[in-house]
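Right, one structure below, let's go through it.
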Amino acid sequence: MQRLGAETVVVGTGPGGATIARELARAGEDVLVLEKGRDHQFPVGSILAYATMYDIRRSREGVLVRRGITTGGSTMLYSGNSYEPPSFLKEEFGIDLSSEVKETKEELRIRPIPEDFYRGWTGTHRLVAAAAELGYSMTPQERFIDPALCDPSCDRCLFGCRRGAKWTSRDYLYEAAALGARVVTRCDVRRVIRSGDTAVGVFAKVPGDTLVVDAGRVILAAGGLGTPVILHASGVHGAGTHFFTDPMSVLAGISSDGTGTWHEMTYTFADESHVGEYVMGNVGAVNAFMAQIAALHLPYARRIVSLSGMTGMFVKLCDEPSGRVEPDGTLRKSFTPRDERIMAAGVEAAKGVMVCAGVIPETICVAKGIGGHPGGTAAIGRVVDENLMTGVKNLFICDNSVMPRSGGIPPVLTLIALGKRFARTLKACGRTEEKTTHERKEEQA
Ligand SMILES: Cc1cc2nc3c(=O)[nH]c(=O)nc-3n(C[C@H](O)[C@H](O)[C@H](O)COP(=O)(O)OP(=O)(O)OC[C@H]3O[C@@H](n4cnc5c(N)ncnc54)[C@H](O)[C@@H]3O)c2cc1C
65 MQRLGAETVV VGTGPGGATI ARELARAGED VLVLEKGRDH QFPVGSILAY
115 ATMYDIRRSR EGVLVRRGIT TGGSTMLYSG NSYEPPSFLK EEFGIDLSSE
165 VKETKEELRI RPIPEDFYRG WTGTHRLVAA AAELGYSMTP QERFIDPALC
215 DPSCDRCLFG CRRGAKWTSR DYLYEAAALG ARVVTRCDVR RVIRSGDTAV
265 GVFAKVPGDT LVVDAGRVIL AAGGLGTPVI LHASGVHGAG THFFTDPMSV
315 LAGISSDGTG TWHEMTYTFA DESHVGEYVM GNVGAVNAFM AQIAALHLPY
365 ARRIVSLSGM TGMFVKLCDE PSGRVEPDGT LRKSFTPRDE RIMAAGVEAA
415 KGVMVCAGVI PETICVAKGI GGHPGGTAAI GRVVDENLMT GVKNLFICDN
465 SVMPRSGGIP PVLTLIALGK RFARTLKACG RTEEKTTHER KEEQA
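In terms of my numbering, the sequence shown opens at residue 65 and continues consecutively.
So, in structure tokens, the structure goes:
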């Protein structure tokens, strides 16, 4: 058995974990970061990402959920779209992230994709024009990308970005490491070690051995699927329920004149008039095709010959938090009647846009239910308080599992802002001042 010690241990290196690690390292704290995945380099930007960095799982009811198991977590595989936090965080929980969002947007230069990117995208232009004709408004998206480094005909954001054009939380992790944070990869954290009602470290599996870390503070950021499993094993009650994942339906079809979205960037235009129900947008031909294969629409594989004429769209559902992550990691997730109704409406809308843009209706295939925003499983108000503190002293959570429900929009900007706000709270109060909600309530009483 190996043994390490640290003032703060952070579990996971997605936007939640890496942001915290960087903020605490900047403040000169002794930080140890534990990451289950490897620091993959070679597969980044290639189809090998699917076999190495992706973890694709299916709920017992058939909903697919994707996440990244690698340094940088799921941001290695994300599209890089940026959305402001859902308003319910402030309205219902008093969590105002506006200053952290502003700071992050300035720091990472987040802005809509520049016009010269999409000037030559014939297929996407057709979708945007068709959407307008049908009364929708597909507008250019804000992205976490540096246009100077990005190749707009690449469309491989979902495999990782080899050019370094897409911001990922590896950037923050590497900065934390340069500031002195220690990082252990291939380290699968199994449970939090407790002394009564206080967290005092973690127990993990490392290749061929086990690792015990003694820590003054434990911050779980293993994501909406990873964190509840660790909580279950650590005797923290209430975790794992209210699971959501924003499942997408990806549509692919062939245009009558052979002009599709080949070499055009996915999710660069979207209609947001139904946020809270669904969002729909454009998909590049390769990603539209890959989604059909991932959904096991294998006969569609013969369409590979017409890839250059393929057009894609997605419909991202704001699903109800009705699923569950079991203690052994098994997923339970189906579509509720409301989810089915809204997804069907979104798919009909997207089909209408595609047909209006010249796609042959009989060629349209729909890969249904591919989620990528797992969350809700250790939510604010249920497992943590508004300062992300659990009922166990010195045990915190900072990842998408704390979101009480889906905002129906991609969450990375929200998670970075939440991580910054959380780090400031920690720095402001100092560890000795940290008290659980229960303790504070007792004091007030
Ligand atoms: C294909 C795809 C496209 C997406 N596109 C967008 C987008 O455009 N914009 C956007 O905002 N969001 C997007 N997302 C969603 C976004 O990437 C995630 O919601 C976000 O990264 C979640 O952050 P997190 O910190 O909760 O978890 P993650 O980013 O998943 O990080 C969790 C980390 O914990 C590690 N881990 C897990 N279990 C353990 C364990 N037991 N021990 C140690 N480490 C562990 C994992 O390896 C990982 O590094 C996309 C997701 C996918 C899959």
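We put the beta carbon where it would ideally sit given N, CA and C, even for glycine.
Simplified DSSP state of residue i, which is helix, strand or coil
{"i": "residue 116", "result": "helix"}
{"i": "residue 316", "result": "strand"}
{"i": "residue 488", "result": "helix"}
{"i": "residue 106", "result": "coil"}
{"i": "residue 195", "result": "helix"}
{"i": "residue 202", "result": "strand"}
{"i": "residue 140", "result": "helix"}
{"i": "residue 81", "result": "helix"}
{"i": "residue 209", "result": "strand"}
{"i": "residue 235", "result": "helix"}
{"i": "residue 145", "result": "strand"}
{"i": "residue 425", "result": "helix"}
{"i": "residue 346", "result": "strand"}
{"i": "residue 392", "result": "coil"}
{"i": "residue 444", "result": "strand"}
{"i": "residue 397", "result": "coil"}
{"i": "residue 86", "result": "helix"}
{"i": "residue 500", "result": "In this prediction, residue 500 scores a pLDDT of 47, lower than 50, which makes its location untrustworthy; the coordinate-derived value is nonetheless stated afterwards. DSSP places residue 500 in coil when its eight states are reduced to three."}
{"i": "residue 190", "result": "helix"}
{"i": "residue 228", "result": "coil"}
{"i": "residue 471", "result": "coil"}
Candidates the options: closest to residue i by CA position
{"i": "residue 302", "options": "465, 70 and 131", "result": "465"}
{"i": "residue 268", "options": "97, 172 and 164", "result": "97"}
{"i": "residue 205", "options": "238, 187 and 177", "result": "177"}
{"i": "residue 309", "options": "254, 175, 169 and 399", "result": "399"}
{"i": "residue 510", "options": "117, 373, 230 and 250", "result": "A query on residue 510 cannot be resolved here, the shown segment of the chain reaching from 65 to 509 and no further."}
{"i": "residue 132", "options": "112, 460, 184 and 416", "result": "112"}
{"i": "residue 298", "options": "279, 253, 220 and 330", "result": "253"}
{"i": "residue 224", "options": "109, 476 and 189", "result": "109"}
{"i": "residue 300", "options": "442, 477, 486 and 124", "result": "442"}
{"i": "residue 284", "options": "66, 65 and 73", "result": "73"}
{"i": "residue 157", "options": "95, 444, 476 and 313", "result": "444"}
{"i": "residue 184", "options": "281, 242, 240 and 329", "result": "329"}
{"i": "residue 165", "options": "390, 146, 92 and 215", "result": "146"}
{"i": "residue 141", "options": "396, 104, 126 and 395", "result": "104"}
{"i": "residue 489", "options": "124, 479, 453 and 419", "result": "453"}
{"i": "residue 393", "options": "324, 281 and 307", "result": "307"}
{"i": "residue 134", "options": "122, 152, 380 and 101", "result": "101"}
{"i": "residue 124", "options": "215, 389, 402 and 249", "result": "389"}
{"i": "residue 295", "options": "319, 323, 311 and 255", "result": "255"}
{"i": "residue 258", "options": "216, 168, 244 and 280", "result": "280"}
{"i": "residue 272", "options": "216, 250 and 219", "result": "250"}
{"i": "residue 202", "options": "71, 237 and 378", "result": "378"}
Residue range of the unbroken alpha helix (DSSP H) whose run includes residue i
{"i": "residue 407", "result": "401-420"}
{"i": "residue 351", "result": "349-358"}
{"i": "residue 294", "result": "287-297"}
{"i": "residue 248", "result": "It is not in any alpha helix (DSSP H) - residue 248 instead sits in the beta strand (DSSP E) that spans 246-248."}
{"i": "residue 180", "result": "179-182"}
{"i": "residue 152", "result": "152-157"}
{"i": "residue 309", "result": "Taken as a continuous stretch (DSSP letters only), residue 309 belongs to no alpha helix (DSSP H), as it is neither H nor E."}
{"i": "residue 170", "result": "162-171"}
Residue i: first and last residue of the uninterrupted beta strand (DSSP E) it sits in
{"i": "residue 66", "result": "66-75"}
{"i": "residue 331", "result": "Residue 331 -> no beta strand (DSSP E), and no H or E assigned at all."}
{"i": "residue 430", "result": "429-435"}
{"i": "residue 378", "result": "374-381"}
{"i": "residue 269", "result": "262-270"}
{"i": "residue 274", "result": "273-284"}
{"i": "residue 367", "result": "Counting along the chain, residue 367 falls outside any beta strand (DSSP E), and DSSP gives it neither H nor E."}
{"i": "residue 256", "result": "252-259"}
{"i": "residue 460", "result": "459-461"}
{"i": "residue 95", "result": "95-98"}
{"i": "residue 128", "result": "128-132"}
Near ligand 2: residue i beta-carbon under 6 Å from a heavy atom
{"i": "residue 70", "result": "Although ligand 2 was asked about, the structure shown includes only ligand 1 as ligands."}
contact_flag[the region 281-299, the region 379-387] where n(CB pairs < 8 Å) is 3 or more = These segments do not touch.
key: Contact between the region 215-234 and the region 75-85 (3+ Cβ pairs under 8 Å)   = A contact is defined here as three or more CB-CB pairs under 8 Å, and the region 215-234 meets this definition with respect to the region 75-85.
message = Does the contact criterion of 3 or more C-beta pairs under 8 Å hold for the region 118-137 versus the region 448-459?
response = In the pairwise beta carbon analysis, the region 118-137 is classified as not touching the region 448-459: fewer than three pairs are separated by under 8 Å.
task = Count the CB pairs spanning the region 255-262 and the region 450-464 that are closer than 8 Å, and state whether there are at least three.
result = Flag = yes, the region 255-262 and the region 450-464 touch.
ask   = Do the region 336-348 and the region 471-480 make contact, defined as three or more Cβ pairs closer than 8 Å?
value = Contact between the region 336-348 and the region 471-480 is present: 3 or more CB-CB pairs across the two stretches fall below 8 Å.
message = So, does the region 180-193 touch the region 331-338, judging by three or more C-beta pairs under 8 Å?
response = Taking a cut-off of 8 Å on C-beta distances, the region 180-193 touches the region 331-338, as three or more cross pairs fall below it.
Three CB pairs or more closer than 8 Å across the region 205-221 and the region 360-372 = Counting Cβ pairs under 8 Å, fewer than three are found: no touch.
query = Does the region 349-357 come within contact of the region 423-436, defined as at least 3 CB pairs closer than 8 Å?
reply = Taking 8 Å as the limit for Cβ pairs, the verdict is that the region 423-436 does touch the region 349-357.
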